[in-house]
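Residue numbers (the working numbering): 8 to 274.
For glycine and all other residues, C-beta sits at the position ideal for the given N, C-alpha and C.
Treat the numbers as computed from the prediction; the structure is a model and nothing was measured.
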C-alpha cells in the first residue's frame, strides 16, 4: 500500500471519487495544522518573536554589544524556546487529533476574519457528521470531497472555503498567491479550467488581465478570497437546474443559503 492509499479516508459510498493524491497530501498537512490549533497558537505567539530575538542577538549587528550580557540573554531565551518547543511537541503527539470549535475560531482570527460563536458553530455543523462537536479526519475529507464535486452551489461551504484557503496558503503567510494555487488547480481541473479558476480568484470582475504583484505573483487575503469564491458559488447555483427553475419563475434575487439547510439534512 502506498502512502497516498494509507491517507485515503473512509468515504461514504456514492459521494464521488477519491481525493487526488496531490490534494490528499495537502489536505493532511492542513488537517494536522488545524488540530488543536488554538492551543498551538498560544505557544507560537510567544515562540516566534523569541526566536527572532535570538537571531538578532546572534547577528553581526550586535557585535559591539557587551558579550557577557548578550550570552546571558541568549541562554535565557533559548531555555524558553526549548520549553515551548517541547510543549508544542506534546500537543502534536496527543493520542486524539481532532478539530474543535476553538480551533476553527483561532484559524479565522489568524486570517483576520472576525467570526461570532454562532458562525463558528455553523461551520462545525457543516462537517460534524457524528454530532460529537469535533471534526475528525474522515469528516474533514468527506466535507472536502463533497464540495469539490458539488455542481449545484448548494453544498455548505464556509468550512471548506477556509480549508481550501489554508491549502493554497502553503507558506502560511495569510495570503494566497497565483504560484501557490497553480499546481492544485492544474491537478484538479487541467490547464484550461485552471486558468479560468485563477481568473476568478485573481482577475478583475470586469475581465481585466491578472496583475502579478509580489514575490509569488498576485496575492489575495482571506476576505478577498471568500468574496471571489462566494460569487463563483452563486454563479454555479444560478446555472444549476434548481437555480434556472427559480430564475424562470421571476425570482431574480436568489440566496443559495436558503437551500443549503435542506441539502445538508439530505446527506
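Item                                                                                                                              : Value
For residue 26, the three-state DSSP class (helix, strand or coil)                                                                : coil
Cβ distance (whole Å) where residue 154 is taken to contact residue 162 below 8 Å                                                 : 5 Å
Cβ pair residue 226, residue 183 closer than 8 Å                                                                                  : yes
4 or more residues per run - each alpha helix (DSSP H) lying fully within the region 50-115                                       : 74-99
Backbone CA spacing between residue 222 and residue 185 [nearest angstrom]                                                        : Low per-residue confidence applies at residue 222: pLDDT is 47, beneath 50, and the placement is therefore not dependable enough to give any value.
Between the CA atoms of residue 134 and residue 146 - distance to the nearest angstrom                                            : 6 Å
Residue 247, DSSP secondary structure in three states                                                                             : coil
Beta-carbon contacts of residue 212 that lie in its chain and below 6 Å, excluding the five residues immediately before and after : With a pLDDT of 46 at residue 212, under the threshold of 50, the predicted position of this residue should be treated as unreliable, though the coordinate-derived value follows. So the list is empty, once near-sequence residues are dropped.
Cutoff 6 Å; reference residue 7; Cβ partners in own chain excluding five residues on either side                                  : What is shown of the chain runs 8 to 274, which leaves residue 7 out entirely.
Backbone CA spacing between residue 144 and residue 117 [nearest angstrom]                                                        : 22 Å
Any 3 or more C-beta pairs closer than 8 Å across the region 94-101 and the region 49-57                                          : yes
Reduced DSSP category for residue 228 - H, G, I as helix; E, B as strand; rest coil                                               : strand
Buried/exposed call for residue 68, threshold 16 Cβ in 10 Å                                                                       : exposed
Residue 232 versus residue 119: straight-line alpha-carbon distance, rounded                                                      : 12 Å
C-beta atoms of residue 164 and residue 240 nearer than 8 Å                                                                       : yes
Burial state of residue 252, where buried means 16 or more other Cβ atoms lie within 10 Å                                         : exposed
Span separating the alpha-carbon of residue 82 from that of residue 70                                                            : 17 Å
C-alpha distance - residue 89 paired with residue 206, whole-angstrom precision                                                   : 45 Å
Neighbour-count burial assignment, residue 86, 16 or more Cβ in a 10 Å radius                                                     : exposed
Within 8 Å, strictly: CB atoms of residue 84 and residue 61                                                                       : yes
Between the CA atoms of residue 74 and residue 173 - distance to the nearest angstrom                                             : 42 Å
Residue 180 classed as buried or exposed, judged by whether at least 16 other C-beta atoms fall within 10 angstroms               : exposed
For residue 134, the three-state DSSP class (helix, strand or coil)                                                               : helix
Simplified DSSP assignment, three categories, for residue 1                                                                       : It is not possible to answer for residue 1, since the shown part of the chain is limited to 8 through 274.
Residue closest to residue 42, alpha-carbon to alpha-carbon, out of 151, 199, 100, 136                                            : 100
Coil, strand or helix - residue 1 by DSSP                                                                                         : Examination of residue 1 is not possible in this model, given that the chain is present from 8 through 274 alone.
Inter-residue spacing [alpha-carbon to alpha-carbon] between residue 127 and residue 63                                           : 39 Å
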